[in-house]
Amino acid sequence: MRFVKEQVDLQPIVDTVFAIVAQAKQAKKELGEAAVVDATIGSLYDENGKIVAFDSVFGTLKQLPNEVMAAYAGSFTGNPNYREHVYDWVVGDRSKLAHSVIATPGGTGAVSITVSEMLDEGETLILPEICWGSYSLMASMDNLKTRSYSLFEGGHFNVASFRQVCEEVMQQQKKVVAIINDPCHNPTGYSLSDDEWNAVIDVLNELSKQGPVILLNDIAYIDFAYRGEAARDYIRNFDRISENVFVIIAFSISKSMTAYGMRCGAAILMAQKQESVREVEIVFEKAARAIWSNVNNAAMETFVSVITDERSSYEAEKDSYVQLLRERSSIFTKEADACQLAYYPYKEGFFVTLQMEDNAQRDAFHEALMKEHIYTVKVNKGIRVAVCSLPVEKCYGLAKRMKDILDTLTK
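Right, dumping it as structure tokens:
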């Protein structure tokens with residue numbers, strides 16, 4: 001006898017990231033910090049091994065009156081001032097498209113609501129071949145299929161594969177919902193160029209002659225792009241979408257504000273016609289009310305206060321850690337180049353991912369690394385190295401150690 005719905009995957013969830021994090025913690029407890037390289041943690045950590053929590057953010061949070069922190073948000077769609085400031089923060093004057101914003105519990109909420117509400121059961125969600133694993137989990141929980149496009153062709157985004165997969169799915173179901181995680185792709189650290197984004201939009205516009213096309217642009221790590229404000233400029237290209245293309249940007253203040261546990265984000269809805277935006281907005285409003293009912297009021301008020309009253313302090317703090325990320329990633333990638341340790345094209349962001357075309361070899365490599373007390377995270381066709389939490393000192397020499405271990409396996 002089954003008590004849950006019939007069409008659901010009953011395979012227990014295996015969260016490999018947290019399992020490896022636990023192993024790394026145990027190794028540090030037994031052997032000491034110096035003996036262990038812990039490149040598992042996907043949050044920003046300082047050079048002393050402490051999670052980064054911006055003073056500009058948490059100082060503001062602590063100054064909020066208790067009644068503000070205790071209160072419900074002004075609406076289940078989010079506080080009006082929050083929704084307005086999110087749009088200005090992310091998009092600003094870069095677009096003339098019709099738009100709206102729905103507050104969500106983290107960027108995850110924005111992704112999840114899109115996956116749930118834009119496709120019907122049995123339809124197919126299009127994902128990058130290398131991506132955050134929760135995309136697939138969300139699809140399975142809504143009884144959706146998935147198709148993956150190859151992320152890279154040489155050192156560039158694989159527009160040809162993206163086009164081919166989208167065309168095949170469009171032929172099957174007369175609708176396309178595709179995810180592009182950019183900039184600062186998780187887990188490779190790749191960011192599309194302006195030309196690549198224009199090529200993507202050309203593909204979407206051509207597809208839209210056959211049916212509706214929805215692009216979900218996951219920008220969780222955008223505020224840690226090495227290009228600063230320029231990292232948002234690709235959004236200007238969205239103004240070229242056809243009337244049959246809809247863009248949803250999934251934004252995370254959890255990442256941007258180093259407030260991972262506060263779970264606050266937004267879905268930014270964009271289209272050529274206001275009636276198209278309103279149609280999606282109505283469905284998202286109902287889903288928000290039905291699924292989470294309310295988003296963290298203190299998080300929304302903190303975000304608004306920080307970017308209006310503490311923006312310069314916030315920017316200074318953030319920029320110092322962006323420079324630290326740049327230093328860490330530069331050390332690792334330069335040394336990887338020197339010893340010919342292959343990694344996927346990296347430009348900016350929290351992670352560098354080693355290139356492993358064979359997942360069986362990846363598994364063996366991952367085990368061999370752990371035997372040498374180097375802890376990383378497995379992803380499809382790769383090994384993720386979290387430079388976001390790896391002190392500069394431990395970045396030095398790491399690539400060579402990893403290459404030597406890999407060479408021993410492949411002899």
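Residue numbers (the UniProt record's numbering): 1 to 411. Ideal Cβ placement from N, Cα and C applies to all residues, glycine included. It should be emphasised that the depicted structure is a prediction, and the values quoted were computed from it without experimental measurement.
Given residue i as reference, the closest of the options once Cα atoms are compared
i	options	result
Ser256	Val17, Gln340 and Phe54	Phe54
residue 458	Ala368, Val295, Phe350 and Asp319	There is no way to answer for residue 458, as the model of the chain reaches only from 1 to 411.
Phe365	His99, Ser252 and Lys403	Lys403
Gly265	Gly78, Phe3 and Gly49	Gly78
Arg311	Leu31, Asp46 and Ser56	Ser56
Asn81	Thr302, Ala22 and Val36	Thr302
Asp218	Ser252, Gln323 and Met262	Ser252
Asp319	Leu406, Gly228, Phe238 and Asp407	Gly228
Leu269	Gln26, Glu153, Tyr87 and Thr16	Tyr87
Ala34	Asn244, Glu372, Arg263 and Asp407	Glu372
Glu6	Asn143, Gln173 and Val17	Asn143
Lys174	Ser161, Lys209 and Asp195	Lys209
Ile214	Phe157, Asn158 and Leu127	Leu127
Gly349	Val176, Cys339 and Thr333	Thr333
Gly211	Leu119, Ser254, Val245 and Asp233	Val245
Ser242	Ala336, Lys286, Ser254 and Asn205	Asn205
Thr16	Asn48, Ala27, Val159 and Trp132	Trp132
Ala199	Leu324, Arg163 and Arg147	Arg163
Glu281	Arg83, Asn66, Phe3 and Val8	Arg83
Val322	Val8, Val52 and Leu10	Val52
CB contact flag (residue i, residue j, <7 Å)
i	j	result
Ser150	Glu117	no
Leu207	Met170	yes
Val306	Thr60	yes
Gly106	Pro345	no
His85	Val277	no
Phe76	Ser293	yes
Lys347	Ser191	yes
Leu341	Ala399	yes
Tyr396	Ile331	yes
Val91	Ile222	no
Arg240	Ile179	no
Ile383	Leu406	no
Ser313	Tyr45	no
Met141	Ala298	no
Met370	Arg362	no
Ile102	Phe284	yes
Glu327	Val392	yes
Val379	Pro187	yes
Val165	Leu119	no
Bridge partners - residue i, DSSP secondary structure assignment
i	result
Lys378	Ile383
Phe251	Ala266
Leu354	Tyr343 and Ile383
Asn217	Ile180 and Ile249
Lys145	Thr124
His366	Paired residue(s): none; His366 is not in a bridge.
Ser100	Leu269
Phe152	Phe157
Ile51	Tyr45
Coil, strand or helix - residue i by DSSP
i	result
Val177	strand
Asp9	coil
Ser193	coil
Ala288	helix
Asp46	coil
Phe157	strand
Phe238	helix
Val111	helix
Val86	helix
Asp309	helix
Asp38	strand
Phe58	helix
Ile331	helix
Phe162	helix
Lys371	helix
Ala399	helix
Lys394	helix
Met257	coil
Phe76	coil
Thr16	helix
Phe224	helix
Ile93	It is Asp, not Ile, that sits at residue 93 in the sequence shown. Here Asp93 sits in coil by DSSP.
Leu64	coil
Contact belief for residue i with residue j at Cβ below 8 Å, rounded distance in angstroms
i	j	result
Pro183	Ala250	With a Cβ gap of about 13 Å, Pro183 and Ala250 do not count as contacting.
Thr114	Ala231	22 Å between Cβ atoms; not a contact.
Gly189	Val21	About 20 Å separates the two Cβ atoms, so there is no contact after all.
Gln272	Ala110	Actually they do not touch by this definition, with Cβ atoms about 21 Å apart.
Ala39	Thr376	5 Å
Glu167	Ala160	Actually they do not touch by this definition, with Cβ atoms about 11 Å apart.
CB contact below 7 Å: residue i versus chain B
i	result
Asp233	Here chain B cannot be found, since the structure has a single protein chain.
The ligand COA heavy atom lying under 6 Å from the CB of residue i
i	result
Leu369	The ligand COA is absent from the structure shown, which contains no ligand whatsoever.
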